[in-house]
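Residue numbers for the sequence shown follow the numbering used here, so the first one is 1127 and each next one is one higher. For each residue, glycine too, the CB sits at the ideal point set by N, CA and C. Worksheet: the structure to be examined is printed underneath.
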Amino acid sequence: MNETNSKEALQYLVGVGEDKFKIFTATNGFEYTTKNIIRVNDPTPSSIVSSTLTSLVDYIKGNIDELGKMIIQVESPTKVLLSSELKKDKHREEYMLCEAVTPRIQFDNFIETERFNVMLQSNFVVNQCIEQLLVVTGSIKDEAVKQIGDDGISQSVTVKTGVATVGAVLVPNPVILAPYRTFPEIVQPESKFIFRMKSGPTAAIIEADGGAWRNKAMDSIKVFLKAELVDIKDLTIIS
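Following this line, the structure appears as structure tokens:
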């Protein structure tokens, strides 16, 4: 047998051996395969996906899957994850993922006042500041926008004050608004915004709280879940 034939024979024998696929349990308690020596992971369930906190509460209270120790992590104002305790391989099973459905709001961009008004009425909780903004942007005179007074902090614009009269109105600034930015079960957190106007007429609101509203929202989610799941044992809630 020449060298080439010997090499082919050895490759064939190795291939036959590899075809004999086996799974064995090592002394550490984990399972491995004889091919490529990889550990066999335990089967894990696919996560349930929802958009409300109520569904998460109902799932935990129903205990349909007879879950053991659990942990709820409030990852953000729009994302909450239900997981298992650490398994023997130091991983967690993800039982349920809740992601809030929130509107896409145009912050920091100047938009035409009609679209701006629609955005305020459909994507924000109505409060006194919303009503003031609607009055200003809803009655502003196109030709009067050029007469805006601006000291860098506050603005004044000319608006219609009657059928044939006009008057100067101070633009409120900063304004306290509560956009829909988290789960519907939670009181939407208020935060400061800078309100500005330009010729067009166009208007914009710019976030001015440094993102502090996120912490408020996450704390509110945690409080809500603790109150709803107060009787559930073996459950930890973190944010």
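Checklist line | Any alpha helix (DSSP H) of 4 or more consecutive residues that is wholly inside the stretch 1201–1279 | finding: 1239–1249, 1254–1265
Item checked: Paired residues, beta bridge with residue 1177 - DSSP -> In DSSP, residue 1177 forms no bridge with anything.
Note to self: Tell me the DSSP secondary structure of residue 1344 in three-state form.
What the structure shows: helix
Notebook entry, point to check: So, helix, strand or coil for residue 1186, using DSSP?
Noted result: helix
Next item on the list: Whole angstroms is fine: what's the gap from residue 1314's alpha carbon to residue 1308's?
Entry: 7 Å
Next item on the list: Look at the alpha carbon of residue 1372 and the alpha carbon of residue 1210, and state the distance between them as a whole number of angstroms.
Entry: Nothing about residue 1372 can be read from this structure; the chain reaches only from 1127 to 1365.
Next item on the list: State buried or exposed for residue 1346, treating a residue as buried only when at least 16 other CB atoms are found within 10 Å of its CB.
Entry: buried
Margin query: In the DSSP output, what is residue 1301 paired with across the bridge?
Written below: 1319
Note to self: Please return the same chain residues whose Cβ sits closer than 6 Å to the Cβ of residue 1190, not counting the five positions on each side in sequence.
What the structure shows: none
Next item on the list: Give the DSSP-derived three-state secondary structure of residue 1309 in the structure shown.
Entry: coil
Check: Should the stretch 1172–1191 be called in touch with the stretch 1321–1331, which here means at least 3 C-beta pairs below 8 Å?
Finding: no
Next item on the list: Pick out whichever of 1231, 1263, 1253, 1255 has its Cα sitting closest to the Cα of residue 1240.
Entry: 1263
Next item on the list: Just the C-alpha distance for residue 1354 and residue 1251, rounded to the nearest angstrom, thanks.
Entry: 24 Å
Notebook entry, point to check: How long is the line joining the alpha carbons of residue 1201 and residue 1245, rounded to whole angstroms?
Noted result: 27 Å
Next item on the list: Indicate the three-state DSSP secondary structure (helix, strand or coil) for residue 1192 in the structure shown.
Entry: coil
Note to self: Out of 1258, 1254, 1203, which one is the CA nearest neighbour of residue 1342?
What the structure shows: 1203
Notebook entry, point to check: Which residue comes first and which comes last in the beta strand (DSSP E) that contains residue 1152?
Noted result: Looking at the DSSP string, residue 1152 is not in any beta strand (DSSP E), and its letter there is neither H nor E.
Next item on the list: Report buried or exposed for residue 1212, applying the criterion of at least 16 other Cβ atoms within 10 angstroms of its Cβ.
Entry: exposed
Item checked: Nearest-angstrom Cα separation, counted from residue 1349 out to residue 1231 -> 26 Å
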